[in-house]
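Report on the structure given below.
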Amino acid sequence: MRKTHTAGALRATDEGKSVILAGWVHRRRDFGGLIFVDLRDRYGMTQITLDPQRVPAEVFKAVEGIRAEYVIEVEGTVHLRPEKMRNPKLATGDVEVFATKVIIHNAAKVPPFPIDTDGTDVDENLRLKYRYLDLRRERMARNLTLRHKLIKHMRDYMDRNGFIEVETPILFKSTPEGAREYLVPSRVHPGEFYALPQSPQQLKQLLMVGGIERYFQIARCFRDEDQRADRQPEFTQLDVEMSFVDRDDVMALIETMLVQFTTEQAALHGKRLLYTPFRRLTFAEAMGRYGNDKPDLRFGMEIFDVTVATRDSQFAVFAGAPGVRGIVAPGCAAYTRKQTDELIEFARKEGAKGLVVLHHDPEGIRGSGAGAKLSEAEKAALIAAGGSKPGDLLLLVADAEGIALNALGKLRVEMGTRLKLADPNVLAFAWVVDFPMFTWDKDDSRWVPNHHLFTAPRDEDLDKFETNPGEVKGKQYDLVCNGYEAGGGSIRIHRRDVQLRVMSLLGLSLEEAYKKFGHMLDAFEYGAPPHGGIAPGVDRLAMLFAGEPNIREVIAFPKNQQAADVMLGIPSAATDKQLKELSVSVTL
RNA sequence: GGAGGCGUGGUGUAGUGGUCUAACAUGCUGCCCUGUCAAGGCAGAGAUCGCGGGUUCAAAUCCCGUCGCUUCCGCCA
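The numbering of the first sequence is the numbering used here, which starts it at 1241 and goes up by one.
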């Protein structure tokens, strides 16, 4: 080890020590007769001072030539800075190192973008092309450190609770239910393919049949779907499965883990929890009150229902509608016609026929058209239901329940963002439970699983499978936070007969069921224990704790929205030789 | 597959028919400078305004097309 200290280590108490520091030149301040160099490494920054009276002329001359991002090694003595020259902004600001010897390990070209900023206003693809430079910025070092601490906490916590980490294969079987997969051609078996796992779901269930009882894995998952700010083609989950548990056991396990992490690492992320214990909502509540199955609970603005009060309205839009629901945008009564038109257009894009906008003035509720037609009783009902105050703006959708809740849910998020109602330093974790097991896919005319086809139904709903599938609720639970799905899990089916009934409902014949999932059905015939699990998303949790707007900021080498890596230039074409060996032909 | 936003020196922006021979900040280069820490001062280099076509006497600016990036919808068992 060439360094005696890191660039973030030295304090006033180190005065007089001979030290060797090494790292990158963050910035150089050259006074002609005196040079300061800010030496940076992952741990911090230390000021190196070059006084021509204390260093040989050739050392001084060499330092005159160094530039930002040069890699240097400095030998010198720690000096206490004179009182007036201390820098309280720097952890090492009480001291400086008087260099006696400087080695230039490597020069550096001028970086294509600044490194001494947080980087948020640099074009992201440029950052990604030179990711090795981008990672030098303090923010990225902090994010990767936070991610490491989170994963370490997960491993330690799971270990303490009797879980063992078991690796599962990356070369897995194609199971065309669910997300699109990445395929890997087999050379040994021409024309046949492996698939990368969307998650280790089936394997971890088989580990339960294998008697592992408590499994976890920091697992890489692959999904060939279009990207979003919170989605990458490959991502990481804390994959967990346990035997002989109910859903409350799984939820309590993860909740405690996250509460402990938040408390223990508060200095690193500065976030606080809004709900301890985590809030719990049913799917129906989440949809009815927030129009969203992963609501941002950092602010209110709940959806209210005035269907009954407006049934006999003189205002035709309300009277003729299957329902009337709305939200109150606080302090927005002064919105201009242009602004309210924007909101109407927004609601239309989300599928609503329109949006009724009412201004709540000191004199009461007004609004073009509707304001004049609504009775005093209706206006009073609106104010009461929405908790509206003078100065607020009421946004109402008169439409079928599903359409109205969706549009209002999206508007709620939009208004919350515009009005900055969500505290960025707060994490509002919550559990959403009692999801419907199946939803009817109109396009394909079939039932599809809401979660996945291994989720167990509530015991009391078992007999509704054949009569009323839409009514069946699953033993599923989603972990949500600040408007993101941070994880999902369920108690699984562990009996072959129940599993086959689910598969049958989903339209799989016995033959197909065995072809795709025979390994699971077989396993269930050899004493499969009741079991369940969950898979919190590591990237999303790291993003939330780091306060970042997308998961790329907490991944060292992420792919862009086109699923490409602009640094590596991938994906890229394969050679004819490779393709031939794999018996694969490209039909471009 | 669809919708919105963005694309102007290295970087981030301004400029939305003629005064643009393209501005500002920062970075970069050179010179001066012994207490700075976003150092300062002076001087300088650096842009065919994403690309292609069109309209016009005249296009960074208007129109059409196209490419790239990004956000969202679809998709994500």
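The beta carbon of each residue, even a glycine, is placed where N, CA and C say it ideally should be.
Are residue i and residue j closer than 8 Å when you measure CB to CB?
i     : j     : result
L1781 : L1521 : no
D1779 : I1791 : yes
P1676 : F1523 : yes
L1693 : V1742 : yes
A1625 : V1596 : no
W1687 : Y1717 : no
V1314 : V1335 : no
L1290 : I1275 : yes
P1664 : F1484 : no
I1288 : I1344 : no
M1398 : F1456 : yes
Identify whether residue i lies in helix, strand or coil by the three-state DSSP scheme.
i     : result
G1729 : strand
G1631 : coil
A1339 : strand
R1792 : helix
Y1724 : strand
E1405 : strand
D1281 : strand
G1607 : coil
Considering just the uninterrupted stretch of the beta strand (DSSP E) at residue i, what are its terminal residues?
i     : result
F1669 : 1669–1673
S1483 : 1474–1483
F1456 : 1454–1462
T1317 : 1311–1320
I1260 : 1258–1270
D1703 : It is not in any beta strand (DSSP E) - D1703 carries neither H nor E in the DSSP assignment.
D1601 : 1596–1601
Y1434 : 1433–1435
I1567 : 1564–1569
L1423 : 1423–1425
A1469 : Unbroken run through A1469: none, as it is neither H nor E.
Rounded to a whole number of angstroms, what is the C-alpha to C-alpha distance between residue i and residue j?
i     : j     : result
R1382 : T1253 : 26 Å
I1543 : G1773 : 32 Å
P1789 : A1768 : 42 Å
G1333 : G1727 : 42 Å
E1711 : A1662 : 34 Å
L1279 : F1271 : 17 Å
G1611 : L1368 : 53 Å
E1481 : R1400 : 15 Å
K1660 : V1557 : 31 Å
L1375 : Q1477 : 23 Å
P1425 : S1825 : 11 Å
G1273 : E1654 : 57 Å
G1563 : S1553 : 12 Å
G1631 : Q1500 : 42 Å
E1304 : R1326 : 24 Å
Between which two residues does the alpha helix (DSSP H) harbouring residue i extend?
i     : result
T1502 : 1487–1504
F1586 : 1577–1589
Y1830 : The question about residue 1830 has no answer, for the chain in this structure spans 1241 to 1828.
Y1397 : 1378–1400
V1299 : 1297–1304
M1655 : 1641–1658
G1758 : 1750–1763
G1747 : Element bounds for G1747: n/a, residue is neither H nor E.
A1617 : 1616–1626
V1350 : First-last for V1350: undefined, no H or E at that position.
V1449 : 1441–1449
R1371 : 1371–1374
R1780 : 1778–1786
With distances taken from CA atoms, which of the options is nearest residue i?
i     : options                    : result
P1430 : I1567, A1492, K1820, G1528 : K1820
L1633 : M1783, K1613, R1606        : R1606
H1759 : R1732, V1449, Y1372        : V1449
Q1505 : Q1472, M1394, G1594, R1400 : M1394
V1666 : T1516, L1651, H1245        : T1516
A1803 : M1285, R1463, K1613        : R1463
R1427 : L1261, Q1818, L1514        : Q1818
Q1472 : L1702, M1783, E1641        : M1783
E1765 : R1736, P1776, A1753, T1408 : R1736
H1266 : T1827, M1285, K1756        : M1285
A1832 : A1796, A1308, A1574        : Summary: the structure shown does not reach residue 1832, with the chain confined to residues 1241 through 1828, and so no result is reported for it.
H1388 : I1795, S1823, P1811, M1807 : I1795
G1418 : H1691, N1365, M1325, G1591 : H1691
N1800 : E1474, A1526, D1674, D1489 : E1474
N1646 : D1683, G1591, E1421        : G1591
I1410 : M1398, D1396, R1420, Y1434 : Y1434
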